[in-house]
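Asker: I'd like to ask you about the structure that follows.
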Amino acid sequence: MRLDPFYLIVDSAGWVERLVPLGVRLVQLRMKDRTEAELRTQIRQARALCVAHDCQLVVNDHWQIAIEERCDFVHLGQEDLCEADVGAIRAAGLRLGLSTHDEAELATALAAAPDYVALGPVWPTVLKEMPWAPQGLARVKDWKERIGDLPLVAIGGVTVERLDDVFAHGADSAAVVTDITRNPDPEQRTREWIAATCRWR
5 MRLDPFYLIV DSAGWVERLV PLGVRLVQLR MKDRTEAELR TQIRQARALC VAHDCQLVVN
65 DHWQIAIEER CDFVHLGQED LCEADVGAIR AAGLRLGLST HDEAELATAL AAAPDYVALG
125 PVWPTVLKEM PWAPQGLARV KDWKERIGDL PLVAIGGVTV ERLDDVFAHG ADSAAVVTDI
185 TRNPDPEQRT REWIAATCRW R
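Structure representation (structure tokens):
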């Protein structure tokens, strides 16, 4: 399986509506502190937009709703993996991505036979407080050597200017949040990401 090299992460269907029509092919909807009704509405809207624009939708955490709404992917953190029914996710035909931050988490992730593995934060990130130090590019290279043909997603502090280094060290896809959503012109920054990653497609 191949992942698009540009992996956008946003927290609402509104962002999906703004940015996916620009040519985004892979987007994760990561929402916190929402009611189940709000989650379902947002996921349903995002999925419809992604279907219309030939974009794969990844739902973070909320695997039950993702199954019910017939989404493409679920992405789980390590804590969520412990509570999720991976068998049900697989039976529903969804693909699975897993977060990793250290050796133990990589072993846990690989035991679940995911469709991709994410490593982060590669660089310091302002998105949220992390108990892990920045992984660095050497860890990206090490992780890729360990997982082989399994796609590797690099996340955390990734910008357009750092993409060459990320891909040179083995990442298959670069995930981005704040470099776009906190940019003064998110649409233009999205276009820059698409242009910068097109040669890795």
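Just so you know, this note's numbering puts 75 at position 71 of the sequence shown, and the rest follows in order with no gaps. All C-beta atoms in this analysis are idealised placements derived from N, C-alpha and C, irrespective of residue type, glycine included.
1. Below 8 Å between beta carbons: does that hold for L53 and V20?
2. In three-state DSSP terms, what is G101?
3. What does DSSP give as the partner residues of H173 in its beta bridges?
4. Since I believe H173 is in contact with V144 (beta carbons under 8 Å), could you give me their beta-carbon distance rounded to a whole number of angstroms?
5. Would P190 and R22 qualify as a contact pair, given that the criterion is a beta-carbon distance under 8 Å?
6. Using the beta-carbon count (16 or more within 10 Å), is V31 buried or exposed?
7. Rounded to a whole number of angstroms, what is the C-alpha to C-alpha distance between D169 and Q82?
8. Hey, Q49 and A70: beta-carbon distance below 8 Å or not?
9. For Q46, which residues in the same chain have their Cβ closer than 8 Å to its Cβ, ignoring the five residues on either side in sequence?
10. With a threshold of 16 other CB atoms inside 10 Å of the CB of A137, please say whether the residue is buried or exposed.
Answerer: Taking the structure as given:
1. Along the sequence shown, one-based indexing puts residue 53 at 49. Along the sequence shown, one-based indexing puts residue 20 at 16. In contact: L53 and V20 (Cβ atoms closer than 8 Å).
2. Against the sequence shown, residue 101 aligns to sequence position 97. Reduced to three states, the DSSP call for G101 is strand.
3. Counting from 1 along the sequence shown, the entry for residue 173 is found at position 169. Paired residues: none, contrary to the question.
4. Taking the first residue of the sequence shown as 1, we reach residue 144 at position 140. Taking the first residue of the sequence shown as 1, we reach residue 173 at position 169. Your pair V144 and H173 checks out as a contact, with CB atoms roughly 4 Å apart and the cut at 8 Å.
5. What you label residue 190 is simply residue 186 of the sequence shown in a count that begins at 1. What you label residue 22 is simply residue 18 of the sequence shown in a count that begins at 1. Contact annotation: P190 and R22 have beta-carbon atoms nearer than 8 Å.
6. For the purposes of this step, residue 31 is taken as the residue at position 27 of the sequence shown. Buried: at least 16 other Cβ atoms inside 10 Å.
7. As a first step, residue 169 must be located in the sequence shown, where it is residue number 165. As a first step, residue 82 must be located in the sequence shown, where it is residue number 78. Straight-line Cα distance between these residues: approximately 27 Å.
8. Here residue 49 is taken as the residue at index 45 of the sequence shown, counted from 1. Here residue 70 is taken as the residue at index 66 of the sequence shown, counted from 1. Judged by beta-carbon spacing, A70 lies beyond the 8 Å limit of Q49, meaning their Cβ atoms are not closer than that value.
9. Here residue 46 refers to the residue found at position 42 of the sequence shown. Excluding sequence neighbours, Q46 sits near S16, A17, L33, M35 and R38.
10. Counting from one through the sequence shown, the residue named residue 137 turns up at place 133. Exposed, because fewer than 16 other Cβ atoms sit within 10 Å of the Cβ of A137.
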